[in-house]
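S.K.:
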Amino acid sequence: MRGLVNIGEGKTEAEQSILFGLSKLPMRTMLDRVVCEETELWSSFFDPILSSVLSDPEKNVILRWSNVIPDEGSTSEFIQVRLDALICEIDQLRWGRTIGYGEVKRAEPTTNLDSLGQDIVRLALLTKTSLTKSKVNYVTAFQIHG
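For the numbering used here, count along the sequence shown from 1 and bump the result up by 1.
#1: From the DSSP output, in three-state form, read off phenylalanine 79 for me.
#2: Return helix, strand or coil for alanine 108, following the three-state DSSP convention.
#3: Along the chain, where does the alpha helix (DSSP H) that runs through aspartate 120 open and close?
#4: Specify the secondary structure class of valine 62 as computed by DSSP and reduced to three states.
#5: Can you round the beta-carbon distance between glycine 97 and isoleucine 88 to whole angstroms, since I take them to be within the 8 Å contact cut?
#6: Measuring CA to CA, which of Ile145, His146, Thr141 is closest to leucine 55?
#7: Per DSSP, what kind of secondary structure is serine 17 in: helix, strand or coil?
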């Protein structure tokens, strides 16, 4: 860990954030035979890096692993989109606009391309809806397949 601190000297703020995220990763190695569920996958391996890159508390932007239906995601009362991650602005004591979405799928012995494709389409639809409804200039989307 001290090595990462020494490497961070003289680096940009973004580079230091990534190094900080790397320092939070578990020290154990994942084996091919070990299967992680979605929650363990993002909380142990992806959150340390993604939150240090995508969150900026000073600018009131937070990556949250919420598993909730975003306001922008309710295209109809029959089709509800529940995502694993949201990048949200903070508006006082409430969550503000959503400026990013994320989906997590655990690795399976046989890759489920249908499920991964559905996630990509869901992310694309939410991104487009968010751009038009919230009138934001950008929206970030990511997919984790572990």
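In this text, a Cβ means the ideal position worked out from N, Cα and C, and glycines have one as well.
M.R.: Short version:
#1: Low per-residue confidence applies at phenylalanine 79: pLDDT is 46, beneath 50, and the placement is therefore not dependable enough to give any value.
#2: coil
#3: 114 to 134
#4: strand
#5: No, glycine 97 and isoleucine 88 are not in contact; Cβ-Cβ is about 11 Å, not under 8 Å.
#6: Thr141
#7: The amino acid occupying residue 17 in the given sequence is glutamine; serine does not appear at that position. Correct three-state label for glutamine 17: helix.
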